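Below: the structure, in structure tokens.
There are 4 protein chains.
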Amino acid sequence: MSILVLQGSARDEGNTEQLSKLVLEGIPHKEILLRDRRILPINDQRHTEGGFDPVDDDYDDVIREVLQHDTLLFATPVYWYTISGVMKNFIDRWSQSLRDSRFDFKTAMAQKKAYVLVVGGDNPRIKAMPLIQQLKYTFDFVSMPLEGYIIGKASKPGEILNDKRAIQEAEWLNAELKNLRFSVIG
Amino acid sequence: MSILVLQGSARDEGNTEQLSKLVLEGIPHKEILLRDRRILPINDQRHTEGGFDPVDDDYDDVIREVLQHDTLLFATPVYWYTISGVMKNFIDRWSQSLRDSRFDFKTAMAQKKAYVLVVGGDNPRIKAMPLIQQLKYTFDFVSMPLEGYIIGKASKPGEILNDKRAIQEAEWLNAELKNLRFSVIG
Amino acid sequence: MSILVLQGSARDEGNTEQLSKLVLEGIPHKEILLRDRRILPINDQRHTEGGFDPVDDDYDDVIREVLQHDTLLFATPVYWYTISGVMKNFIDRWSQSLRDSRFDFKTAMAQKKAYVLVVGGDNPRIKAMPLIQQLKYTFDFVSMPLEGYIIGKASKPGEILNDKRAIQEAEWLNAELKNLRFSVIG
Amino acid sequence: MSILVLQGSARDEGNTEQLSKLVLEGIPHKEILLRDRRILPINDQRHTEGGFDPVDDDYDDVIREVLQHDTLLFATPVYWYTISGVMKNFIDRWSQSLRDSRFDFKTAMAQKKAYVLVVGGDNPRIKAMPLIQQLKYTFDFVSMPLEGYIIGKASKPGEILNDKRAIQEAEWLNAELKNLRFSVIG
Numbered sequence: 001m002s003i004l005v006l007q008g009s010a011r012d013e014g015n016t017e018q019l020s021k022l023v024l025e026g027i028p029h030k031e032i033l034l035r036d037r038r039i040l041p042i043n044d045q046r047h048t049e050g051g052f053d054p055v056d057d058d059y060d061d062v063i064r065e066v067l068q069h070d071t072l073l074f075a076t077p078v079y080w081y082t083i084s085g086v087m088k089n090f091i092d093r094w095s096q097s098l099r100d101s102r103f104d105f106k107t108a109m110a111q112k113k114a115y116v117l118v119v120g121g122d123n124p125r126i127k128a129m130p131l132i133q134q135l136k137y138t139f140d141f142v143s144m145p146l147e148g149y150i151i152g153k154a155s156k157p158g159e160i161l162n163d164k165r166a167i168q169e170a171e172w173l174n175a176e177l178k179n180l181r182f183s184v185i186g
Numbered sequence: 001m002s003i004l005v006l007q008g009s010a011r012d013e014g015n016t017e018q019l020s021k022l023v024l025e026g027i028p029h030k031e032i033l034l035r036d037r038r039i040l041p042i043n044d045q046r047h048t049e050g051g052f053d054p055v056d057d058d059y060d061d062v063i064r065e066v067l068q069h070d071t072l073l074f075a076t077p078v079y080w081y082t083i084s085g086v087m088k089n090f091i092d093r094w095s096q097s098l099r100d101s102r103f104d105f106k107t108a109m110a111q112k113k114a115y116v117l118v119v120g121g122d123n124p125r126i127k128a129m130p131l132i133q134q135l136k137y138t139f140d141f142v143s144m145p146l147e148g149y150i151i152g153k154a155s156k157p158g159e160i161l162n163d164k165r166a167i168q169e170a171e172w173l174n175a176e177l178k179n180l181r182f183s184v185i186g
Numbered sequence: 001m002s003i004l005v006l007q008g009s010a011r012d013e014g015n016t017e018q019l020s021k022l023v024l025e026g027i028p029h030k031e032i033l034l035r036d037r038r039i040l041p042i043n044d045q046r047h048t049e050g051g052f053d054p055v056d057d058d059y060d061d062v063i064r065e066v067l068q069h070d071t072l073l074f075a076t077p078v079y080w081y082t083i084s085g086v087m088k089n090f091i092d093r094w095s096q097s098l099r100d101s102r103f104d105f106k107t108a109m110a111q112k113k114a115y116v117l118v119v120g121g122d123n124p125r126i127k128a129m130p131l132i133q134q135l136k137y138t139f140d141f142v143s144m145p146l147e148g149y150i151i152g153k154a155s156k157p158g159e160i161l162n163d164k165r166a167i168q169e170a171e172w173l174n175a176e177l178k179n180l181r182f183s184v185i186g
Numbered sequence: 001m002s003i004l005v006l007q008g009s010a011r012d013e014g015n016t017e018q019l020s021k022l023v024l025e026g027i028p029h030k031e032i033l034l035r036d037r038r039i040l041p042i043n044d045q046r047h048t049e050g051g052f053d054p055v056d057d058d059y060d061d062v063i064r065e066v067l068q069h070d071t072l073l074f075a076t077p078v079y080w081y082t083i084s085g086v087m088k089n090f091i092d093r094w095s096q097s098l099r100d101s102r103f104d105f106k107t108a109m110a111q112k113k114a115y116v117l118v119v120g121g122d123n124p125r126i127k128a129m130p131l132i133q134q135l136k137y138t139f140d141f142v143s144m145p146l147e148g149y150i151i152g153k154a155s156k157p158g159e160i161l162n163d164k165r166a167i168q169e170a171e172w173l174n175a176e177l178k179n180l181r182f183s184v185i186g
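Next comes the structure, spelled out in structure tokens:
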């Protein structure tokens, strides 16, 4: 098993990143900071003759990384009650990958497992439900199981450490990921 | 009353734009194609000393337009079960406007009315519910009432015209907007 | 095609019934007022040796009617943001029918189509979304397609007639049901 | 602080009851098994002249208990993706209490805190979201804060003990309730 964190946070060392670190403590993984990659919004050419034009940005590199891992952790702050813009731009481009003849994106995704970690400031255990539902539909579309999610509550830097429940859930996910790792290797 | 359409679609003459046109038939309005404006993802400096740095893109122009209208129509295709990336980037930047001393963004937004129009291909009347809920929470945050929404079903170009129900709802919204206009002017 | 209305309202001539009448104008159908039938809450014996005991109430009669129709209209007021108690008691008992050896409930349901009509007083087009989602999951469980739903807004008796949008949607559903009928018979 | 468990499960010693017990270990509380009380579906007389007729069942007794506690734990299995029929019948009757001149139901409820515990068999961490949202709207209506919820996964008797995450969440809620108690008394 190899884990890729798709980090959608829009600042360094924010609460989402802190919680991600707790989840991944002691677990080898690779992390991509989406905000440090240049990923343009999709130019929707699904119905254009000739299909999608190649785009000169970092999306291809990121998707190549995605294809090399079997477990994806989507980590994002709750911005305006859904995933961050950088993560949305990234996911929107999947429409392009679905039509990319260089690989079979859908089949590849269907063989992975997804986890979701979100942190929000405004009652996220209720108000981030639509976010989770939206990602669930997204993963369903490519037949990638959503194995679990955790929702933390924090706004100011460092506040996540006061959310005992989120800390506990991070421990649960840490144990689950270690277990998964062990069961594959062992 | 003056209407601004914030158009989040990512292709010309797509179904979302077609349905928007039906909604606005015979009604003076201004439309902003978000995909034609350069709006960068937010650099989250809410908790940075000194606050947000100015960003050299078109966001300021768009928000100035927003402030000059009292009725906003958010039109977006359903991309991966939520609003398009270009619309998400735009809304994410509201966090910056909330801290912008040049105007009182929250008070200004609270005096507007919002409508939402979305078009999706995969059972949108069920699977776009999280999208609507997310926008509802967003508008609640700035105390802007969501006066109504319509959901259309279409994927291929032009398909929206086969969705009788969406066409009928567009007529309803067209009548509602005309009525609103009349009641203010008349 | 034959239509059965499962009426979950808890008073005579309420808004839900009024809207149902508009939907069914000119269309032969049978209606069951669930409140007039004695349907006990489920006694959950799914895991009891010997399974469910027979229950002496009207549930069996109702389910026999259900099995004789191919189109079901679930009509219910929004009570406390979900279906009424009488409708919930009825649906809970499906767990019993799923284990009833006299018929193949799941296969029979999978051959029907479902429509939903709800009327609520407190912003139902947003706050009845969970109700619709819950019924969608319910119908998915028995592989019965949810062909459409309409949401009306009303509290006081007769108020539904002021909800132009609901009236219009009732007309849409009326046309859809007539069409369905025609396409089967014609 | 005094805790009342409103138990909506429909069988003895089911998973919902087991998880409730873990939550309440070592904490004094009172529990009402709703299935053992006779609570009729509401006869909706909100708009009837003279209002609601008295109903000869156990609802009054239950509501009197409710009014004597400041913390309510709503425990229910997920039946067909929402609360059980016996719990729905109970909550539907709140419409009657809202109009009951013997006490000020809304003000009384606004002074309580609510917790929710649900156990479902079919992907409840996703598919019980509408249930939680529905209860959130319900509690909002009477201004009673929803302080937290836990969702467990189990179908067969005893299965809940295999859901490590639910067990851990039960421990979290147990600690939270003990803390609450201490902070009031101490």
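Protein chains in written order, with the UniProt record's numbering: chain H, 1 to 186; chain Y, 1 to 186; chain L, 1 to 186; chain Z, 1 to 186. Note that beta-carbon positions come from the ideal geometry of N, C-alpha and C, so glycine has one too. Please read these numbers as outputs of a predicted model, since none were measured by experiment.
Quickly, what does DSSP pair PHE52/H with across the bridge? List them, please.
Answer by DSSP bridge pairing: none, since PHE52/H is not bridged.
Which residues of chain Z have a Cβ atom closer than 7 Å to the Cβ of TRP172/L, listed in chain order?
None at all; the shortest Cβ gap to chain Z is about 25 Å.
LEU146/H touches chain Y at which residues, Cβ-Cβ below 7 Å?
None at all; the shortest Cβ gap to chain Y is about 13 Å.
Along chain L, in chain order, which residues have C-beta atoms closer than 9 Å to that of ILE167/Z?
What ILE167/Z touches in chain L: nothing, since even the nearest Cβ is about 20 Å away.
Where DSSP assigns a beta bridge to GLU31/L, which residues make up the other side?
VAL5/L
Could you spell out where the beta strand (DSSP E) holding ILE160/L opens and where it closes?
Element bounds for ILE160/L: n/a, residue is neither H nor E.
Closer than 9 Å to chain Z by CB, ARG125/H:
yes
Can you say whether GLY120/Y is buried or exposed, counting buried as having 16 or more other CB atoms within 10 angstroms of its CB?
buried
Selection from LYS127/Y, VAL55/Y, GLU49/Y, MET109/Y that minimises the alpha carbon distance to LEU4/Y
MET109/Y
Around the C-beta of ASP53/Z, are 16 or more other C-beta atoms found within 10 angstroms, so that it is buried, or is it exposed?
exposed
At 9 Å on the CB atoms, spell out the chain H contacts of LYS164/Z, in chain order.
TRP172, ALA175, GLU176
Please state if the CB of LYS153/Y and the CB of ALA175/L are separated by a distance shorter than 9 Å.
no
Flag this pair as yes or no: are the beta carbons of LEU135/Y and VAL116/Y separated by less than 9 Å?
yes
Neighbour flag for VAL119/H against chain Y, beta carbons, 9 Å
no
Would you please state the rounded distance, in angstroms, between the beta carbons of GLN7/L and ALA75/L? I believe it to be under 8 Å.
5 Å
Could you check if ASN89/H is buried or exposed, using at least 16 other CB atoms within 10 Å of its CB as the buried criterion?
buried
Exposure label - PRO77/L; buried when at least 16 CB within 10 Å:
buried
Rounded to a whole number of angstroms, what is the C-alpha to C-alpha distance between GLU171/H and ALA166/L?
49 Å
The region 140–147 of chain L / the region 28–40 of chain Z touching (three or more Cβ pairs under 8 Å):
no
Counting only beta-carbon separations shorter than 9 Å, does TYR79/L have a partner in chain Z?
yes
Which of helix, strand or coil DSSP assigns to PRO145/Y
coil
Between the Cα of ASP56/L and the Cα atoms of LEU67/L, ASN43/L, GLN68/L, THR48/L, which residue gives the shortest distance?
ASN43/L
What is the DSSP secondary structure of ILE126/Y, counted as helix, strand or coil?
helix
Tell me whether the beta-carbon of ILE132/L lies closer than 9 Å to the beta-carbon of VAL142/L.
no
Within-9 Å CB hit, PHE141/L to chain Z
yes
For ILE151/Y: DSSP bridge partner residues:
VAL118/Y
Relative to chain H, which residues along the UniProt domain "NADPH-dependent FMN reductase-like" (1–126) of chain Z have a C-beta separation below 8 Å, given in chain order?
ARG125, ILE126
Take MET1/Y as the anchor and find which of SER155/Y, GLU31/Y, THR71/Y has the nearest alpha-carbon.
THR71/Y
Report the neighbours of LYS136/Z on chain H: residues whose CB is nearer than 8 Å to its CB, in chain order.
ILE126
Can you confirm whether ILE160/H, when its beta carbon is compared against all beta carbons of chain Z, has any partner nearer than 9 Å?
no
Helix, strand or coil at ALA166/Z [DSSP, three-state]
helix
Whole-angstrom Cβ separation of ASP92/L and TYR137/Z, contact assumed at under 8 Å?
Actually they are not in contact, since the Cβ atoms of ASP92/L and TYR137/Z sit about 21 Å apart, beyond 8 Å.
Chain Z beta carbons: is any one of them nearer than 9 Å to that of LYS153/L?
no
Does DSSP put PHE74/Y in a helix, a strand or coil?
strand
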